[in-house]
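Working notes, beginning with the structure itself.
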């Protein structure tokens with residue numbers, strides 16, 4: 005147990021330091037959605053170093069809304085992912101669950117379970133379900149600055165990164181977004197997340213803000229060179245994996261409902277047998293081999 009804890013703590017420390025160093029370099033770090041340990045292990049298997057626990061995706065996963073998630077729910081999902089994978093997990097904590105004091109607690113909780121970074125945004129608290137329809141209400145920049153300052157002071161490990169997100173481009177103006185971004189960085193945010201909608205907005209960002217910047221996007225929407233020139237170093241993708249999963253499940257259910265069977269059963273069973281590999285059961289087989297199955 006002691007050896008495993010040392011290994012996990014070493015992995016957490018390495019993930020944080022490597023992430024902090026990487027965002028300072030001229031490269032795009034792509035972090036796919038990781039909703040559970042299995043997804044995180046698969047992401048690591050195919051070569052990703054970082055994953056994104058999206059509040060929006062988790063809300064859909066639980067068939068409610070990000071607006072109704074609690075800090076305990078997000079902490080527990082993050083804990084499970086980190087304890088069973090080597091992924092560096094970036095956790096979306098929405099609006100920080102309330103006032104600066106609630107954000108302070110959220111930061112302490114997520115740092116304690118080993119998150120690599122957290123993302124906090126400048127919408128009102130409590131967050132409203134209508135944000136899914138594009139109806140977003142922002143707090144004042146001063147309120148957000150206070151949250152960021154308390155988030156920064158709450159962390160004990162300075163390599164644990166604070167990402168501040170503003171939705172001002174679509175809800176106020178580019179001028180407001182740029183002003184907010186500068187204030188958030190001065191308050192101590194390590195990375196600023198913005199959502200440009202076109203090349204013109206990218207150009208405005210390039211002219212006024214220094215890297216590292218982050219955005220949320222499906223891969224392939226923006227040329228990597230364009231993003232790098234504009235100061236972006238992080239791309240979070242909360243959509244692709246969940247949409248692909250939902251589409252696959254719906255297709256299988258519809259096929260079985262309509263036909264009563266699956267023509268692809270053999271290939272699916274072959275993939276099913278791989279699940280024990282993805283889940284890391286080999287170490288558990290070895291444990292039982294030393295004990296109950298020897």
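Numbering (this note's numbering), first residue to last: 5 to 298. Ideal placement from N, C-alpha and C gives every residue a C-beta, glycine not left out.
When DSSP states are grouped into helix, strand and coil, residue 96 belongs to the strand group.
Around the beta carbon of residue 27, 16 or more other beta carbons lie within 10 angstroms, which makes this residue buried. The beta carbon of residue 194 sits closer than 8 Å to those of 24, 27, 121, 165, 166, 167 and 216, all from its chain and outside the five residues before and after it, given in chain order. Scanning its chain for C-beta atoms nearer than 8 Å, with the 5 sequence neighbours on each side dropped, one finds around residue 105 the residues 154, in chain order. For residue 298 and residue 291, the gap between their C-alpha atoms comes out near 10 Å. According to DSSP, residue pairing for residue 241 in a beta bridge involves 36. In this structure, the straight-line span from the alpha carbon of residue 78 to that of residue 40 is close to 11 Å.
Relative to the Cα of residue 241, the nearest Cα in the group 212, 30, 20 and 56 belongs to 56. Look at residue 217 here: in three-state DSSP terms it is strand.
If you check the CB distance, residue 54 and residue 94 come in under 9 Å. Residue 198 is positioned such that its CB atom lies closer than 9 Å to that of residue 219. Counting of Cβ neighbours within 10 angstroms places residue 148 among the buried residues, the total reaching 16 or more.
In this chain, the beta strand (DSSP E) harbouring residue 121 covers 121 to 125.
Per DSSP, residue 195 is one residue of the beta strand (DSSP E) stretching across 195 to 197. One thing to note: residue 72 has its Cβ no nearer than 9 Å to the Cβ of residue 128. Setting aside the 5 residues that flank it on each side, residue 9 has no residue in the same chain whose C-beta is closer than 8 Å to its C-beta. Under the three-state reduction of DSSP, residue 167 is assigned to strand. By the neighbour-count definition (other C-beta atoms within 10 Å, threshold 16), residue 135 is a buried residue.
Under DSSP, residue 142 takes part in a beta bridge, and its partners are 127. In the three-state scheme derived from DSSP, where H, G and I count as helix and E and B as strand, residue 62 is classed as helix. In the DSSP secondary-structure assignment, residue 285 is not bridged to any residue. Residue 269 has its alpha-carbon roughly 46 Å from the corresponding atom of residue 196. Sixteen is the threshold: since fewer than 16 other Cβ atoms of the shown chains lie within 10 Å of the Cβ of residue 281, the residue is exposed. In this structure residue 76 is exposed. Its beta-carbon is surrounded by fewer than 16 other beta-carbon atoms within 10 angstroms.
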